[in-house]
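The UniProt record's numbering puts the sequence shown at residues 1 to 333.
Even for Gly, the Cβ is constructed at its ideal location relative to N, Cα and C.
This report refers to the structure that appears directly beneath it.
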Amino acid sequence: MSNKYLNSMIFINKKKLKVIKEENNEIYLSKVIKFDDFKKIIVSWNAVTPLNSYIVVQARVFVQNKKDKKKKWSEWMSWGKWGTNIKRGSESSKCDEVRIDVDTLSINEGYSGKAIELKIISYYDNKGFAADIREVAITYYKENNNDLKNKKYELINKLIETPCISQMKRNEKIAHKICSPTSLTMLLNRLGENLKVEDVAYSCFDYNYNEFGNWTYNVAYAGSLGYKAYVEYGGIDSLIREISNGNPIEVSVKYTNDINNKEYPYIENAPLTTSGHLIVVCGIEVSNNGKWVIVNDPAGKDDESVRLKYKFEDFMKAWQRSNYIMYVIYKQD
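Structure, rendered in structure tokens:
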């Protein structure tokens, strides 16, 4: 897809990027892309980076001051140095108008986002081994994004068989930190891969953030294997779309299994209380007894405990707390 909008997203094919060639690097520039009053932006990329090559993805935002209505461009902000053969690392930074925190670009208080421009710099030692950048995806978040109030939707009964993998049975040094790559491994192995969780985890690892859960780096790894992969600010429409298409998704949630905990949404039968967790949604169930989301929750104590059912309304509250973040992974057409 090129320049194709999907709810709160746009996809940009490499052919739509302007290329400036320099010694030992290539610069790809997008056109100015207009959105209306967005608060957050996440950029995903699908690229292959051979040995001794890497890319730096940057964005600048056209903002409007809410008080005096003046408009200006922000500084260029970076998602850091990324490649599959380097010590990749995010670059959290800020300027007056915007800031990047690991994987998310946010508009600072007092401003509203109006447009964005992307720059991708491809670095290499040998021109014959430059990065192959196939596609870039941008997802944006507005206030009340995909609010369920007054929203009409129709749930379907569907289960997509997906491997169940517990993060708790993996390398004990990292087991409690790898919900994102464990869930990603479930998605990729369903598509025919035979990947080990620990290998996926260290292929997603952010050496500056010192964590495995950088959203953009997780989908970038999937993209490096040849898949179409991106982060999306989703919602109920996106959930139904993907499950209807037979495609499980990975989602970010915050929840508690303690009914007396008032800090996070309560989910019955959940394996833990968490301020940030990634799980796989692989189905929806609707019956006379209620509505359920079928999940593979990697926090289950073993592989047999990973498949769970969460009440639909409870799940949506937990997902909303993470602004409906989701990973979407497809085989390329």
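Local conformation of residue i per DSSP, three classes
i	result
Lys-67	coil
Lys-15	helix
Gly-300	coil
Gly-128	helix
Ala-270	coil
Gln-332	coil
Tyr-209	coil
Met-1	Note that Met-1 scores 31 on pLDDT, short of 50, meaning its location in the model is unreliable and no value can be drawn from it.
Asn-52	coil
Lys-87	coil
Lys-173	coil
Ser-112	strand
Ser-92	coil
Buried/exposed call for residue i, threshold 16 Cβ in 10 Å
i	result
Ser-238	buried
Asp-103	buried
His-176	exposed
Ser-2	Here the model assigns Ser-2 a pLDDT of 36, short of 50, so the residue's position is not dependable and the matter cannot be decided.
Asn-261	exposed
Glu-263	exposed
Ser-275	exposed
residue 344	Since the first and last residues shown for the chain are 1 and 333, residue 344 lies out of range.
Ile-20	exposed
Ile-259	exposed
Asp-206	buried
Asn-245	exposed
Lys-4	Bear in mind that the predicted position of Lys-4 carries a pLDDT of just 43, short of 50, making it unreliable; the figure below should be weighed with that in mind. With fewer than 16 Cβ atoms within 10 Å of its Cβ, Lys-4 is classed as exposed.
Asn-218	buried
Glu-268	exposed
Lys-71	exposed
Ile-121	buried
Lys-15	exposed
Ser-8	buried
Where the alpha helix (DSSP H) containing residue i begins and where it ends
i	result
Ala-222	215 to 224
Asp-318	Here residue 318 turns out to be Ala, not Asp, going by the sequence shown. From DSSP, the alpha helix (DSSP H) with Ala-318 extends over 312 to 320.
Ser-244	236 to 244
Tyr-264	No alpha helix (DSSP H) contains Tyr-264, which DSSP labels as neither H nor E.
Tyr-202	197 to 204
Beta strand (DSSP E) segment containing residue i, residue limits
i	result
Asn-289	No beta strand (DSSP E) holds Asn-289; DSSP gives it neither H nor E.
Glu-189	The sequence given here has Asn at residue 189, not Glu. That residue, Asn-189, is in no beta strand (DSSP E); its alpha helix (DSSP H) goes 179 to 190.
Ala-47	40 to 48
Asn-25	25 to 29
Met-77	77 to 82
Ala-229	228 to 233
Val-32	Run containing Val-32: none; DSSP gives neither H nor E here.
Arg-99	98 to 101
Ser-106	104 to 107
Tyr-249	Reading off the sequence, residue 249 comes out as Ile, not Tyr. Taken as a continuous stretch (DSSP letters only), the beta strand (DSSP E) holding Ile-249 covers 249 to 255.
Cβ-Cβ distance between residue i and residue j below 8 Å
i	j	result
Asn-296	Val-286	no
Ala-299	Cys-179	yes
Cys-204	Pro-181	yes
Lys-158	Gly-283	yes
Ile-311	Glu-143	Checking the displayed sequence, the identity of residue 311 turns out to be Lys instead of Ile. Cβ atoms of Lys-311 and Glu-143: not closer than 8 Å.
Lys-18	Trp-76	no
Thr-185	Val-200	yes
residue 350	Asp-303	The structure shown does not extend to residue 350, since the chain is modelled only from 1 through 333, so no value can be given for it.
Val-32	Ser-183	no
Val-63	Glu-97	yes
Ile-41	Val-136	no
Val-61	Ile-27	no
Ile-90	Tyr-209	The sequence shown places Ser at residue 90, not Ile. Yes, Cβ-Cβ distance for Ser-90 and Tyr-209 is below 8 Å.
Gly-113	Asp-37	yes
Tyr-153	Ile-236	yes
Chain C within 8 Å of residue i, Cβ atoms only
i	result
Thr-274	Considering every chain present, this structure includes no chain C. It has just one protein chain.
Close Cβ partners of residue i (< 7 Å) along its chain, the five nearest in sequence each way excluded
i	result
Trp-319	Val-251, Val-253
Glu-198	Arg-170, Asn-171
Gly-83	Thr-49, Ser-53, Tyr-54, Ile-55
Contacting residues, own chain, Cβ-Cβ under 6 Å from residue i (five flanking each side not counted)
i	result
Gly-223	Asn-46, Ala-229
Asp-101	Ser-92
Tyr-124	Ser-53, Ala-130
Gly-110	Lys-66
Phe-35	Tyr-140
Ile-325	Ser-252
Leu-6	Unreliable positioning characterises Leu-6 in this predicted model, as indicated by a pLDDT of 47, which lies under 50. A coordinate reading is not provided.
Beta-carbon proximity list for residue i, same chain, < 8 Å, skipping 5 on both sides
i	result
Phe-313	Just to set this straight, residue 313 is Glu in the shown sequence, not Phe. Excluding positions up to five away in sequence, the list reads Lys-291.
Asn-25	Ile-121, Ser-122, Tyr-123, Tyr-124
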